[in-house]
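Below is one structure, written out as structure tokens; comments come after it.
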Amino acid sequence: MSISHLELSSVQHASTFEVVVATQDARLLDEAKQLAQLLGKQNHPTTFIVYFGHGGVEIRRSNRADKKGYKVDFNKIDRRTGAGNLSRKQLFPKAVGNESKTVLDITAGLGADSAMLALMGYTVHAIERSPIISVLLRDGLHRANVNPELRNALGGRLTLDEADSRAIMQNTEGVDVVYMDPMFPPKRKKSALPQGSIQMLQAVVGYDEDIQTKELFDLAMKTAIKRVVVKRPNYAPFFKENPTVVHRGKLVRYEVYGAQK
Ligand SMILES: C[S@@+](CC[C@H](N)C(=O)[O-])C[C@H]1O[C@@H](n2cnc3c(N)ncnc32)[C@H](O)[C@@H]1O
């Protein structure tokens, strides 16, 4: 079933979408209806299908014959502790800080970073402004909480909000760390990029404009009690001169900026 579109969305997406529903699940039907209304009338042919099915919500490229889609699946995160993926010795938790407890992720995207931090024991509130990505995120968290083992591992430490983080930060107090991972243009040409979740995300939300990213950073510096952490690809220039510390990996680095208060 395809739903007709009524209103225009307030968030500009980089592509066009069709909402397709193949489930009777009331939670998903409600989400699909709201999303279709928010997206409004789309140009045809559409580039993506937001597919509401028995296994949850996934996003598919309209031109893919195999109908392979992408959905948020926190169960795929490698949950090895000790010296494994969830070790606090990894670069990411080092940047966030061992003494930090609460993290506001102001660019949640597909939630992988937020979920990692929650699985490591941080209490994370993740904000995403795109209604499409937010639907995927909420569905992913719902399915995670239906899985007893994963729900236990997350420990209720991951919460989500669909909003513009600039508005959220105006009313946020008492958060140790603000984390941001703005979309930065790729180094290589689009056609040379491998297909993956980040490429899908780029196609859906586009790149984050410099002006709003700077606004996010300035507000983050006023909101965080301890520090602001910015994730950047290694080929990108530093977000600001003189970060307090830089934790550099093979492809990305975490720039840490000391809080202003
Ligand atoms: C590169 S992605 C983040 C990927 C994420 N770290 C992950 O693990 O999947 C950046 C995301 O930030 C979101 N974003 C950009 N500006 C925002 C804002 N002002 N408020 C909320 N979300 C925002 C974009 O829609 C996009 O989904």
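My numbering numbers the first residue of the sequence shown as -18 and each following residue consecutively.
Glycine residues also receive a C-beta, built at the ideal position from the N, C-alpha and C atoms.
Owing to the predicted nature of the structure, the values given are computational and were not obtained by experimental measurement.
Residue i versus residue j: straight-line alpha-carbon distance, rounded
i	j	result
G102	D157	14 Å
N223	Q193	21 Å
T62	L131	14 Å
L91	P166	17 Å
L9	V226	43 Å
K168	S81	33 Å
I30	L20	12 Å
S186	A89	The sequence shown places Val at residue 186, not Ser. Distance between the alpha carbons of V186 and A89: 12 Å.
G230	A76	12 Å
G177	A99	23 Å
K48	T(-3)	17 Å
V1	V211	36 Å
K203	E109	20 Å
E236	Q183	22 Å
DSSP state of residue i mapped onto helix, strand, coil
i	result
R8	helix
V53	coil
A205	strand
E196	helix
K22	coil
K14	helix
Any non-hydrogen atom of ligand 3 closer than 7 Å to residue i Cβ
i	result
L67	Looking for ligand 3 in the displayed structure turns up nothing; the ligands present are ligand 1.
Neighbour flag for residue i against chain D, beta carbons, 8 Å
i	result
N66	Absent from the structure: chain D. Only one protein chain is present.
### Task
Could I get the ranges of all uninterrupted alpha helix (DSSP H) runs contained in the region 98 to 185, with 4 residues as the minimum, in chain order?
112 to 127, 129 to 135 and 146 to 151
### Task
Write down every uninterrupted run of the alpha helix (DSSP H) in the region 34 to 90 whose length is 4 residues or greater and which is fully enclosed by it, in chain order.
72 to 77
### Message
Using a Cβ distance threshold of 8 Å, determine whether the region 67 to 77 contacts the region 33 to 46, with at least three qualifying pairs required.
### Response
At 8 Å Cβ cutoff, the stretches do not touch.
### Query
Counting pairs of Cβ atoms below 8 Å between the region 116 to 128 and the region 41 to 54, do you hit three or more?
yes
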